[in-house]
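Single-structure report; data block below.
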Amino acid sequence: MDPEKRFSETADPYDSHRPSYPESLVDWVLKTSGVALGARVADVGCGTGISTRLFAARGLGAVGIDPNEEMLARARARGGADYRRGSASATGLPAHSVDLMVAAQAFHWFNLEPTLLEFKRVLKPGGWCAAFWNERTRDSAFLRAYEELLLRSSSEYRAMPHISDAMAAIRSSRAVVAWTQSEFPNVQSMDRAAFVGRVYSSSYVAHGISRRKEFDRAIRELFDRHAVGGRVEFKYRSLGACWRLR
6 MDPEKRFSET ADPYDSHRPS YPESLVDWVL KTSGVALGAR VADVGCGTGI STRLFAARGL
66 GAVGIDPNEE MLARARARGG ADYRRGSASA TGLPAHSVDL MVAAQAFHWF NLEPTLLEFK
126 RVLKPGGWCA AFWNERTRDS AFLRAYEELL LRSSSEYRAM PHISDAMAAI RSSRAVVAWT
186 QSEFPNVQSM DRAAFVGRVY SSSYVAHGIS RRKEFDRAIR ELFDRHAVGG RVEFKYRSLG
246 ACWRLR
């Protein structure tokens with residue numbers, strides 16, 4: 006599916022119900038890359054700006070890049086950074102203008118080698134790249150049941166690129182040096198409405214469910230079976246990688 010359209014139907018739930026990232030992960034990226042206060046960071050595939058705002062809040066000059074106008078509209082409404090339309094392989098940013106290129110929950114959608122070429126063009130000499138993801142675990146009966154429901158219900162989910170494959174592909178590129186990676190725990194606690202919103206924030210639900218009414222009923226029944234005190238938890242491994250380019 007065209008990346009400009011993939012998230013058009015999910016901009017509102019994405020903005021409201023996607024989790025953020027641990028501050029410890031941001032700390033790690035900044036320490037690894039060595040960027041200083043006032044450095045320039047570009048968040049590519051920024052969506053509604055969840056990750057962009059984390060870097061802006063650290064005193065960095067943050068610009069978010071995304072091909073989807075609906076997502077960018079939500080990001081601009083929240084403010085806190087500069088947002089521009091562009092793609093991973095054609096950001097529209099000036100050459101040698103950025104200290105740190107980041108991609109949050111996005112790099113698995115990118116065409117790898119053209120993206121690395123564009124990052125190299127945009128980065129200042131000695132600049133760094135970082136990619137990170139919230140990867141849902143299977144550490145509870147609820148999470149395992151949710152995974153099974155997605156596999157049964159969504160053709161798009163079954164065809165999703167895996168984060169581990171994306172990380173392996175980046176690491177194996179001949180353009181990549183000084184690779185390092187880490188992971189951090191992250192938990193998202195949700196009431197019923199937030200859980201439903203989180204489910205429908207995913208493009209593989211928006212575009213991959215053929216029996217929508219049946220699926221909608223199933224996710225609500227899943228919540229009711231597993232909620233404790235009216236809430237459920239998504240437990241994530243927040244996976245991060247940093248590297249430089251030859």
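As numbered in this note's numbering, residues 6 to 251 make up the sequence shown, in order.
We treat Cβ as the ideally placed atom computed from N, Cα and C, and that holds for glycine.
If you're wondering where the values come from, they're calculated on a predicted model, not measured in any experiment.
Nearest residue (CA-CA) to residue i, options the options
i, options, result
"Val150", "Phe228, Asp104 and Ala41", "For the record, residue 150 in the displayed sequence is Ala; it is not Val. Of the listed residues, the one whose Cα sits closest to Ala150 is Phe228."
"Arg216", "Ser158, Pro99, Arg89 and Arg176", "Ser158"
"Arg242", "Phe112, Ala47 and Arg141", "Arg141"
"Met201", "Pro190, Ala232 and Gln186", "The sequence given here places Val at residue 201; Met does not occur at that position. Here the closest residue by C-alpha is Ala232."
"Gly213", "Leu148, Ser160 and Met165", "Ser160"
"Leu128", "Ala171, His167, Ala44 and Arg81", "Ala44"
"Ser38", "Arg230, Arg197, Val182 and Ile224", "Val182"
"Ser94", "Ala82, Arg81 and Ala108", "Ala108"
"Glu74", "Gly66, Leu65 and Gly54", "Gly54"
"Arg236", "Lys218, Met195, Arg251 and Ala223", "Met195"
"Ile175", "Leu156, Arg197, Leu148 and Leu121", "Leu121"
"Phe137", "Ala16, Tyr26 and Arg251", "Tyr26"
"Ala199", "Met165, Ile224 and Ala180", "Ile224"
"Glu123", "Leu98, Ala146 and Pro130", "Leu98"
"Ala82", "Asp20, Ser177, Leu65 and Ser92", "Asp20"
"Val103", "Met165, Arg197, Leu65 and Ala146", "Leu65"
Which residues DSSP lists as bridging residue i, in chain order
i, result
"Gln186", "Ala246"
"Cys51", "DSSP, once it has assigned bridges, lists no residue as partnering Cys51."
"Trp33", "Its beta-bridge partners do not exist; DSSP assigns none."
"Phe239", "Gln193"
"Ser208", "Paired residue(s): none; Ser208 is not in a bridge."
"Val40", "In the DSSP output, where bridge partners are listed per residue, Val40 has none listed."
"Asn139", "Ser243"
"Asp87", "Val68"
"Ala95", "Ser92"
"Met106", "Ala47 and Cys134"
"Leu128", "Val103"
Any non-hydrogen atom of the ligand COA closer than 8 Å to residue i Cβ
i, result
"Thr37", "As for the ligand COA, it is missing from this structure, which has no ligand bound."
Cα-Cα separation, residue i to residue j
i, j, result
"Asp221", "His101", "47 Å"
"Cys134", "Leu105", "6 Å"
"Glu153", "Gln193", "19 Å"
"Met172", "Lys125", "18 Å"
"Val40", "Glu118", "25 Å"
"Glu188", "Gly234", "29 Å"
"Pro24", "Ala80", "15 Å"
"His167", "Ser29", "24 Å"
"Ser169", "Lys240", "17 Å"
"Leu42", "Gly131", "16 Å"
"Ala180", "Arg251", "5 Å"
"Glu226", "Gly91", "40 Å"
"Pro72", "Thr96", "9 Å"
"Glu238", "Met165", "22 Å"
"Ser56", "Asn139", "11 Å"
CB contact check: residue i to chain B, cutoff 9 Å
i, result
"Gly234", "This model lacks chain B altogether, as it is built from one protein chain only."
Residue i, buried or exposed, once every other Cβ within 10 Å from all chains shown has been counted against 16
i, result
"Pro18", "buried"
"Pro190", "exposed"
"Trp78", "For clarity, residue 78 is Ala in the given sequence; the question names Trp instead. Ala78 is exposed by the Cβ-count criterion."
"Thr5", "Because the chain is modelled from 6 through 251, residue 5 falls outside the range shown and cannot be assessed."
"His22", "buried"
"Arg203", "buried"
"Gly69", "buried"
"Ala16", "buried"
"Asp144", "exposed"
"Leu155", "buried"
"Ala67", "buried"
"Ser177", "exposed"
If we count Cβ pairs, one from each stretch, closer than 8 Å, do we get three or more for the segment 12-22 versus the segment 205-218? At 8 Å Cβ cutoff, the stretches touch.
With three or more C-beta pairs closer than 8 Å as the rule, is the segment 38-55 touching the segment 111-121? Touching, per the Cβ criterion.
Do three or more CB pairs link the segment 54-63 to the segment 74-89 at distances below 8 Å? Contact between the segment 54-63 and the segment 74-89 is present, because at least three Cβ pairs lie under 8 Å.
Answer yes if the segment 29-43 comes into contact with the segment 234-249, meaning at least three C-beta pairs across the two stretches below 8 Å, and no otherwise. Yes, since at least three Cβ pairs between the segment 234-249 and the segment 29-43 fall closer than 8 Å, the two stretches touch.
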